[in-house]
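Line by line, the protein sequences give chains B and Y. For the first sequence, the numbering used here begins at 24 and goes up steadily by one. For the second sequence, the numbering used here begins at 1204 and goes up steadily by one. A virtual CB, placed ideally from N, CA and C, is assigned to each residue, including glycine. No experiment lies behind these values; they were computed from the predicted model shown. This report refers to the structure that appears directly beneath it.
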Amino acid sequence: MIYLTRKCEFSASHYYHNPDWSDERNRHMFGKCANLNGHGHNYTLEVTVKGEIDPVTGFVVDLKELKDILNREVVDAMDHRHLNKEVPEFASKIPTTENIAIAIWQRLAEKLQVAKLHRVRLYELPDLFVDFYGEA
Amino acid sequence: MKAYLTRRYILSASHRLNADSLSDEQNKATYGKCNNPHGHGHNYSMEVTVSGQVSAETGMVCNLVELDEAVRHTVLDRFDHQNLNTLEDFAALVPTTENLTEVIYNILKQSFHSAHLEKVRIEETSKNSFEYAGGAELRH
């Protein structure tokens, strides 16, 4: 088994708001992130896939294919977007780093055919990141 | 769904590596420059990883403010800008980064209960890093 990691970046805005809560409770729980005008981040995404090395190509995955999938499923959908308003997953879910990582996993897992998705690592800031391994 | 959240903190401290059970010569041979009697310092970069179910209400594994406060109160306030050799934690323990990592893991394990503590990773310099997960094997 070999692991390959591909990195990409996207910049997006978001806010944290639970509609079942009062404004005060939202502010208390989410602090600055509850500002409904939103704020933004430069996200760095690391996607790790795993599999066996193809004896002919020497690849675990065709990098171009992986790059195309990442661009289509993540960058085109999220880069320079407002996550709450423009990405369907976040119409009903708060776009925390945790939930964005899970949404990215779900978008990618079904599209990858040869190699298997191992980990999605999403940095919201250089000192804050989330790992998701597809665990229930 | 289970996710893992990692937060990085910086702490600066000095130390000197010297084992009481070794002779001066043996200490010098073992620890080299790190045995300099006057000590030296590092900017330690510490990553704390916690895990748990992502809450349907908050979308989070744990409240980041709570994690930051716990780390500040129990770790940073205790070790940042200190000489590690003078602290109770290292009265009988050489303040290598191996030992520092274990000590900090154990402190956080006892003091932070809002999510499961997975591991502590400390970079002593950009070339050396140490990870401790309570004795468990590390996840790839």
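Rounded to a whole number of angstroms, what is the C-alpha to C-alpha distance between residue i and residue j?
i: B:Phe-53; j: B:Ile-117; result: 11 Å
i: B:Val-19; j: Y:Lys-1231; result: Residue 19 of chain B is absent from the model: chain B starts at 24 and stops at 159.
i: Y:Ser-1226; j: Y:Leu-1290; result: 22 Å
i: Y:Glu-1301; j: Y:Asn-1246; result: 15 Å
i: Y:Val-1274; j: Y:Leu-1208; result: 14 Å
i: B:Leu-106; j: Y:Asn-1239; result: 53 Å
i: Y:Leu-1270; j: Y:His-1319; result: 11 Å
i: Y:Ser-1248; j: Y:Tyr-1212; result: 6 Å
i: B:His-40; j: B:Leu-59; result: 8 Å
i: B:Glu-91; j: Y:Asn-1288; result: Looking at the sequence shown, residue 91 of chain B is not Glu but Asp. Near 53 Å, if we compare the C-alpha coordinates of Y:Asn-1288 and B:Asp-91.
i: B:Ser-115; j: Y:Arg-1324; result: 35 Å
I'd like the span of the alpha helix (DSSP H) that includes residue i, first residue to last.
i: Y:Ser-1314; result: 1300-1314
i: B:Ala-35; result: No alpha helix (DSSP H) holds B:Ala-35; the beta strand (DSSP E) holding it covers 25-37.
i: Y:Tyr-1234; result: 1227-1234
i: B:Val-137; result: First-last for B:Val-137: undefined, no H or E at that position.
i: Y:Val-1274; result: 1267-1274
i: B:Ile-92; result: 86-93
i: Y:Leu-1296; result: Run containing Y:Leu-1296: none; DSSP gives neither H nor E here.
i: B:Lys-108; result: 106-109
According to DSSP, which residues form a beta bridge with residue i?
i: Y:Gly-1334; result: Checking the sequence shown, residue 1334 of chain Y turns out to be Glu, not Gly. Its beta-bridge partners are Y:Arg-1324.
i: Y:Met-1249; result: Y:Tyr-1212 and Y:Ile-1325
i: B:Gly-63; result: B:Ser-36
i: Y:Asn-1238; result: Paired residues: none, contrary to the question.
i: B:Thr-80; result: Paired residue(s): none; B:Thr-80 is not in a bridge.
i: B:His-51; result: Looking at the DSSP assignment, B:His-51 forms no beta bridge with any residue, so it has no partner.
i: B:Thr-71; result: B:Thr-28 and B:Arg-142
Here's a check: name, in chain order, each residue in its chain whose Cβ is nearer than 6 Å to the Cβ of residue i, leaving out the five neighbours to either side.
i: B:Ala-132; result: Leu-140
i: B:Val-153; result: Thr-120, Glu-121, Ala-124 and Leu-145
i: Y:Phe-1282; result: Leu-1214 and Ala-1216
i: Y:Ser-1317; result: Cys-1265 and Glu-1269
Since residue i is in the beta strand (DSSP E), which residue starts that stretch and which ends it?
i: Y:Leu-1214; result: 1205-1218
i: B:Phe-155; result: 151-155
Output needed for residue i: all residues of its chain with C-beta closer than 7 Å, excluding positions within five of it in sequence on either side, in chain order.
i: B:Gly-63; result: Ser-34, Ala-35 and Ser-36
i: Y:Ser-1314; result: Ala-1273 and Thr-1277
i: B:Glu-96; result: Arg-130, Leu-131 and Lys-134
i: Y:Gly-1244; result: Ser-1215, Ala-1216 and Ser-1217
i: B:Asn-65; result: Glu-32 and Ser-34
i: B:Thr-100; result: The amino acid at residue 100 of chain B is misidentified as Thr; the sequence shows Ala. Closer than 7 Å at Cβ, skipping near neighbours: Val-110.
Can you name, in chain order, every residue of its own chain whose Cβ lies under 8 Å from the Cβ of residue i, other than the five neighbours on each side?
i: Y:Asn-1286; result: Ala-1216, Ser-1217, His-1218 and Gly-1242
i: Y:Asn-1331; result: Thr-1300
i: B:Gly-61; result: Ser-36, His-37, Tyr-38, His-105 and Asn-107
i: Y:Leu-1341; result: Lys-1322 and Glu-1334
i: B:Trp-128; result: Leu-140, Val-143, Phe-155 and Gly-157
Return yes when the C-beta of residue i is under 8 Å from any heavy atom of the ligand NAD, and no when it is not.
i: Y:Val-1257; result: Although the ligand NAD was asked about, the structure shown includes no ligands whatsoever.
Segment contact, 8 Å Cβ cut-off, at least three pairs: the region 1249-1268 of chain Y with the region 138-148 of chain B: In short, these stretches do not touch, since the Cβ pair count stays below three.
Answer yes if the region 1290-1302 of chain Y comes into contact with the region 1255-1270 of chain Y, meaning at least three C-beta pairs across the two stretches below 8 Å, and no otherwise. The answer is no - the region 1290-1302 of chain Y does not touch the region 1255-1270 of chain Y, with fewer than three Cβ pairs under 8 Å.
When the Cβ atoms of the region 77-96 of chain B are set against those of the region 41-49 of chain B, are three or more pairs found closer than 8 Å? In this structure the region 77-96 of chain B does not touch the region 41-49 of chain B; the number of beta carbon pairs closer than 8 Å is below three.
Between the region 1330-1343 of chain Y and the region 1302-1317 of chain Y, are three or more C-beta pairs nearer than 8 Å? In this structure the region 1330-1343 of chain Y lies against the region 1302-1317 of chain Y, because at least three pairs of beta carbons, one per stretch, are closer than 8 Å.
Would the region 72-83 of chain B count as touching the region 24-32 of chain B if we require 3 or more Cβ pairs under 8 Å? The region 72-83 of chain B is in contact with the region 24-32 of chain B.
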